[in-house]
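Following: one structure in structure tokens, then a few remarks.
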Ligand code: ADP
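Numbering (my numbering), first residue to last: 355 to 751.
Spelled out as structure tokens, the structure:
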């Protein structure tokens with residue numbers, strides 16, 4: 355049976371795709387359609403070393419997927435329905451309903467629609483991706499892989515906010531967590547590096563990309579994570595504040611007359627590294643800090659200190675720790691961040707090796723000293739491969 359999976363990630367105005375082998379992870383082609391619905395859009399299709407780019411208006415998600423399929427026709431490789439084992443979809447929010455990937459049918463589409471209020475920015479686009487792919491690939495099984503699913507194993511004490519019962523029971527107010535696909539992938543790879551079954555590992559995993567979160571993972575299952583009801587809680591991110599006192603909303607509203615939407619927008623889009631330093635890109639923050647920029651120095655310090663606090667908190671939550679695992683653009687590439695967040699923790703058994711930490715590398719590796727009780731691992735994440743792997747598991751079950 356074929357192991358070929360087409361993975362689709364439909365965002366608010368973009369569609370990313372990758373055609374790959376769900377077992378080996380080897381990609382045949384990948385691409386993206388950007389600025390869907392705007393006056394002019396861009397399609398980029400990559401096969402091997404070749405990138406093919408075209409500019410044209412892309413009306414909607416159906417047009418986007420048709421354009422992508424057109425690029426497969428013109429530039430290869432061919433994909434007819436018979437050659438695909440599954441289409442795997444990234445779906446951001448599965449609420450507390452999905453702890454596993456699921457086969458898409460009409461009932462599932464209705465359920466994802468019901469969850470839109472929990473993820474008003476993401477689920478509508480994901481839903482559109484699911485519907486369009488069903489229309490264009492009617493004979494191929496479609497599998498939804500939820501970003502929240504991995505965290506459904508969190509114990510009640512970790513996912514419960516101390517708020518009134520009616521909020522929790524009638525309005526689904528609780529912590530859900532995100533980046534689950536990445537955590538599933540990275541935890542398994544980390545266990546391989548440690549030479550153990552994932553069931554025998556206690557990990558603190560740090561996913562530090564544009565969005566950033568931390569997770570405590572025991573035996574391959576999430577027991578806590580820093581993002582909560584929304585992807586705003588927790589670590590400092592590119593433009594998101596992470597943890598703030600929830601009373602700030604009321605203060606700004608009462609004192610300045612700001613609307614709740616304005617405050618939300620500022621916390622999502624104008625805060626984090628951007629709010630602190632004027633730059634949302636961690637590389638830029640690092641560059642400015644290197645030449646003595648005070649705002650960038652503060653941004654770096656606040657970011658690193660927040661990561662450090664979560665490492666300590668999750669170490670305590672787990673009670674024992676085998677490895678701190680870093681992934682995402684910042685986690686994989688910033689030796690400075692790793693040193694600032696994890697330096698000076700020898701008494702906790704965490705000992706970085708400066709030369710290993712600073713060595714430029716792209717593969718999964720240890721950056722801790724040989725004698726370190728707790729390994730520090732850098733593991734590149736691969737969410738598309740994880741979605742493809744999970745999709746194959748569903749169709750082969
Ligand atoms: P996304 O969450 O969108 O997938 P990434 O995981 O690619 O994003 O992470 C993007 C972040 O990683 C950006 O802030 C970027 O500046 C940072 N980053 C990428 N490369 C480096 C590097 N060499 N040093 C420091 N930060 C880096």
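The beta carbon of each residue, even a glycine, is placed where N, CA and C say it ideally should be.
Could you name the residues of the same chain whose beta carbon sits closer than 7 Å to that of residue i, not counting the 5 residues immediately before and after it, in chain order?
i, result
"residue 364", "415, 479, 480, 482, 483"
"residue 721", "692, 706, 707, 710, 711, 730, 732"
"residue 625", "593, 594, 595"
"residue 494", "435, 438, 440, 441"
"residue 486", "415, 416, 419"
"residue 517", "527"
"residue 616", "none"
Since residue i and residue j are thought to touch, with beta carbons under 8 Å apart, how far apart are those beta carbons, to the nearest angstrom?
i, j, result
"residue 682", "residue 557", "Wrong, their Cβ atoms sit about 15 Å apart, outside the cutoff."
"residue 559", "residue 656", "Wrong, their Cβ atoms sit about 21 Å apart, outside the cutoff."
"residue 739", "residue 539", "7 Å"
"residue 496", "residue 453", "Not a contact, Cβ separation roughly 19 Å."
"residue 400", "residue 385", "6 Å"
"residue 587", "residue 597", "6 Å"
"residue 576", "residue 636", "Wrong, their Cβ atoms sit about 25 Å apart, outside the cutoff."
"residue 694", "residue 658", "4 Å"
"residue 726", "residue 703", "7 Å"
"residue 470", "residue 462", "Not quite, the Cβ-Cβ distance comes to about 14 Å (not below 8 Å), so this is no contact."
"residue 532", "residue 448", "That belief does not hold up - the Cβ atoms of residue 532 and residue 448 are roughly 11 Å apart, past 8 Å."
"residue 677", "residue 728", "6 Å"
Please find out if some non-hydrogen atom of ligand 1 comes closer than 7 Å to the beta-carbon of residue i.
i, result
"residue 429", "no"
"residue 684", "yes"
"residue 386", "no"
"residue 452", "no"
"residue 687", "yes"
"residue 692", "no"
"residue 637", "yes"
"residue 640", "yes"
"residue 563", "yes"
"residue 592", "yes"
Where does residue i fall in DSSP's three states?
i, result
"residue 371", "strand"
"residue 615", "helix"
"residue 573", "coil"
"residue 421", "helix"
"residue 557", "strand"
"residue 633", "coil"
"residue 408", "strand"
"residue 442", "strand"
"residue 551", "coil"
"residue 396", "strand"
"residue 719", "strand"
"residue 475", "coil"
"residue 383", "strand"
"residue 526", "coil"
"residue 363", "strand"
"residue 469", "coil"
"residue 358", "strand"
"residue 595", "coil"
"residue 388", "strand"
"residue 579", "strand"
"residue 625", "coil"
"residue 658", "helix"
"residue 684", "helix"
"residue 671", "helix"
"residue 586", "coil"
"residue 415", "helix"
"residue 567", "strand"
"residue 504", "helix"
"residue 677", "strand"
Report all residues from its chain with a CB closer than 8 Å to the CB of residue i; omit the five preceding and five following residues, and keep chain order.
i, result
"residue 542", "552, 574"
"residue 377", "357, 743, 746"
"residue 613", "607"
So, for residue i: in the same chain, excluding its five sequence neighbours on each side, which residues have a beta-carbon less than 6 Å away from its beta-carbon?
i, result
"residue 382", "373, 431"
"residue 796", "An answer regarding residue 796 cannot be provided, because it is not within the stretch 355 to 751 covered by the chain."
"residue 369", "387, 418"
"residue 476", "446"
"residue 537", "504, 559, 569"
"residue 407", "398"
"residue 312", "Limits of the chain in this structure are 355 at one end and 751 at the other, which puts residue 312 out of reach."
"residue 564", "592"
"residue 361", "372, 442, 738, 741, 742"
"residue 545", "552, 555"
Q: Indicate whether the contact test is met: 3 or more Cβ pairs, each with one atom in the segment 509-525 and one in the segment 391-399, closer than 8 Å.
A: no
Q: Would you check if there are 3 or more beta carbon pairs closer than 8 Å linking the segment 713-728 to the segment 395-414?
A: no
**Q.** Stretch pair the segment 571-586 + the segment 608-617: three plus CB contacts closer than 8 Å
**A.** no
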